[in-house]
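Numbering (UniProt numbering), first residue to last: 1 to 735.
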């Protein structure tokens with residue numbers, strides 16, 4: 001118990017100067033906030049099980065000294081029991097009252113004032129007071145319930161006044177993962193993504209450091225209300241708690257309980273919130289909260305769990321395992337086991353019971369954790385060899401690494417270990433599962449292809465044509481999109497996505513201090529790089545998709561469809577009249593231009609094209625930055641030529657196959673200088689794939705005229721494959 005007390009005292013010494021710097025608990029005030037918290041589904045026992053289990057089997061009320069009966073209210077799609085604040089506070093029960101209630105219950109068979117019946121503990125009075133001797137455990141009641149409850153309300157909601165937005169949540173994660181904890185702490189805080197898996201010691205650390213790391217991340221009203229809880233619990237955890245401390249803690253906790261209804265809603269006034277009223281009295285009767293907490297028992301329970309591995313007969317498993325381990329230790333100490341293989345087997349059995357691994361001591365260093373074999377780059381190897389004595393130098397190409405070490409009673413961790421950048425796959429959300437990008441962005445995404453993009457585009461055009469609407473397709477060419485992508489735009493886009501903070505910071509680090517160097521006759525010339533992603537890089541397409549996602553995700557008019565494949569953006573706009581079509585299309589282009597201007601991107605009007613799919617004699621002329629965008633009868637999108645009649649004649653006539661056949665024939669002759677099987681394989685792997693590009697969108701169904709055109713294009717290849725001489729009337733060839 002003394003070690004725990006020292007840890008509490010030393011940790012308080014570490015944090016108290018920062019807390020007292022500009023946080024004055026006595027001056028805390030908060031206004032009333034009316035909220036409608038119906039986002040949670042719960043029942044009467046979900047948030048209170050940890051504290052209720054202590055007394056459930058003793059025929060006693062949940063907290064025997066309180067006479068508050070509580071109320072049942074709706075919460076989400078269910079109900080919960082709340083304990084609203086009453087003024088004055090309910091009277092404290094006495095031992096005699098509980099005995100009378102128990103006697104009445106035994107006679108009537110019904111619980112009286114929530115007392116279910118007599119208990120054997122009543123016989124221990126006056127040496128054991130049934131009411132005053134049961135004190136709240138702050139580990140379960142405060143840390144595992146109240147702190148977790150409030151944190152969940154902050155993190156898992158987004159539309160309430162007390163919610164923490166995604167940007168602030170990333171800042172909070174960054175602060176949490178970069179805290180420098182004192183040596184006495186048993187755990188390091190994990191990201192808020194894993195808050196459901198936090199241990200009680202993690203919630204205890206968060207409670208202590210929250211006044212610092214929550215600053216400017218939540219509203220002032222919510223922040224001051226939270227400080228009331230922190231202040232009250234901190235006073236009750238002191239090594240010496242004075243009468244003034246008890247009064248101040250009672251006032252702070254009452255202020256917190258009172259504010260829960262106004263800030264979070266009446267349904268959050270749970271049993272454990274009500275229990276805060278009784279903590280000062282518990283400290284007055286049974287010493288500070290740390291003196292009767294369950295932390296020390298939790299550690300022992302963790303060791304006992306290692307002695308059983310089944311779900312039946314846990315007690316006998318624990319007893320037999322412990323006895324077996326004790327006997328084995330005794331045999332080893334008495335040297336009754338001589339066989340080395342038996343000794344190794346016994347040691348292996350014992351090691352399975354331990355949660356830690358014995359690591360070697362190197363000079364004055366003790367390395368911790370599992371070792372990992374790594375291969376050093378040559379540059380690192382050379383630098384490390386410089387640190388070794390000349391007579392001890394050898395190859396360092398293959399070494400063993402550890403993530404933690406102990407030196408002079410201080411724990412040192414690698415950046416990876418301290419930041420916890422390798423979380424459990426069970427809790428860490430994978431990037432590909434996050435719905436970050438809009439479904440109309442097809443480029444560089446798993447499971448999306450050019451065929452999908454072409455099919456959706458053609459489907460939108462065909463649907464508007466079937467409805468007899470005037471349709472305009474606008475293809476916009478962004479000049480050097482990847483080369484002109486601004487780093488500031490990338491950083492802002494990264495701040496808006498729901499990603500772990502350490503991954504966001506890693507991506508941002510790529511964009512920091514980038515320079516371009518050119519060797520000249522006068523020496524190297526450097527300048528700072530603030531834009532551009534290398535073509536072919538892994539991060540370039542990802543950064544572009546994040547920036548472009550903003551404009552694709554905008555709320556467009558019902559008849560406006562925008563989709564993109566990387567930097568190839570295309571509009572499909574349809575209206576019943578020509579005037580409406582021009583107004584809607586021009587408004588969409590203006591909105592798109594605002595986005596390009598914001599990110600310093602330029603659209604080439606020479607390479608941008610529009611086509612009109614309509615019976616209008618003279619379609620609308622669209623402008624970009626006071627320059628008319630040229631209108632054509634067809635445009636090329638992702639290798640497929642889309643014409644204004646959707647008969648695909650331009651695509652089939654302008655295909656590269658005709659030019660390919662002419663070039664091959666010119667070089668290799670009519671039979672390409674190959675045998676029949678190789679000629680057929682060349683056609684199937686090259687020519688046929690070229691002509692069928694995007695066929696899923698344009699070839700179903702294929703009109704008779706286009707089918708004949710497709711056959712005529714294939715005919716020349718088939719003649720070369722079969723070696724036949726062309727006749728005036730050629731039959732259809734089928735491979």
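Think of the CB as a built atom: it goes at the ideal place given N, C-alpha and C, for glycine as much as any other residue.
If you're wondering where the values come from, they're calculated on a predicted model, not measured in any experiment.
With distances taken Cα to Cα, identify the nearest neighbour of residue i among the options.
| i | options | result |
| --- | --- | --- |
| residue 121 | 114, 130, 706 | 130 |
| residue 408 | 474, 365, 228 | 365 |
| residue 146 | 256, 212, 375 | 256 |
| residue 204 | 139, 175, 162 | 139 |
| residue 588 | 474, 400, 493 | 474 |
| residue 615 | 439, 559, 609, 469 | 469 |
| residue 304 | 295, 319, 363, 312 | 319 |
| residue 550 | 537, 492, 582 | 492 |
| residue 622 | 585, 706, 104 | 585 |
| residue 624 | 267, 559, 478, 526 | 478 |
| residue 778 | 186, 545, 106, 223 | The displayed coordinates of the chain run from 1 to 735. Any statement about residue 778 would go beyond what the structure contains. |
| residue 78 | 267, 633, 441 | 267 |
| residue 403 | 376, 371, 380 | 371 |
| residue 617 | 578, 628, 455, 443 | 578 |
| residue 635 | 264, 211, 476, 562 | 476 |
| residue 687 | 721, 198, 594, 486 | 721 |
Under a three-way DSSP split, which group does residue i fall into?
| i | result |
| --- | --- |
| residue 223 | helix |
| residue 643 | strand |
| residue 595 | helix |
| residue 179 | coil |
| residue 624 | strand |
| residue 580 | helix |
| residue 563 | strand |
| residue 524 | strand |
| residue 71 | strand |
| residue 235 | helix |
| residue 423 | Reliability fails at residue 423, whose pLDDT of 36 lies under 50, so the model's placement of it is uncertain and the value that follows must be treated cautiously. Coil, per DSSP. |
| residue 401 | strand |
| residue 283 | helix |
| residue 305 | helix |
| residue 497 | coil |
| residue 185 | coil |
| residue 157 | coil |
| residue 550 | helix |
| residue 107 | helix |
| residue 717 | helix |
| residue 518 | strand |
What residues are listed by DSSP as bridge partners for residue i?
| i | result |
| --- | --- |
| residue 293 | Answer is none; residue 293 lacks a bridge partner. |
| residue 683 | None, per the DSSP bridge assignment. |
| residue 365 | 362, 407 |
| residue 274 | Answer is none; residue 274 lacks a bridge partner. |
| residue 78 | 75 |
| residue 112 | 115 |
| residue 412 | 405 |
Does the Cβ of residue i have 16 or more other Cβ atoms within 10 Å, making it buried, or fewer, making it exposed?
| i | result |
| --- | --- |
| residue 301 | exposed |
| residue 272 | buried |
| residue 128 | exposed |
| residue 637 | buried |
| residue 771 | For residue 771 there is no data in the structure shown, the boundaries of the chain being 1 and 735. |
| residue 531 | buried |
| residue 690 | exposed |
| residue 387 | exposed |
| residue 170 | buried |
| residue 310 | exposed |
| residue 252 | buried |
| residue 242 | exposed |
| residue 439 | exposed |
Under DSSP, the beta strand (DSSP E) around residue i begins and ends at which residues?
| i | result |
| --- | --- |
| residue 573 | 568-575 |
| residue 609 | 603-613 |
| residue 476 | 470-478 |
| residue 125 | First-last for residue 125: undefined, no H or E at that position. |
| residue 634 | 634-637 |
| residue 454 | Unbroken run through residue 454 is the alpha helix (DSSP H), 450-466; no beta strand (DSSP E). |
| residue 374 | 372-375 |
Please report the residue range of the alpha helix (DSSP H) in which residue i lies.
| i | result |
| --- | --- |
| residue 509 | 501-510 |
| residue 690 | 688-691 |
| residue 263 | 243-264 |
| residue 210 | 200-213 |
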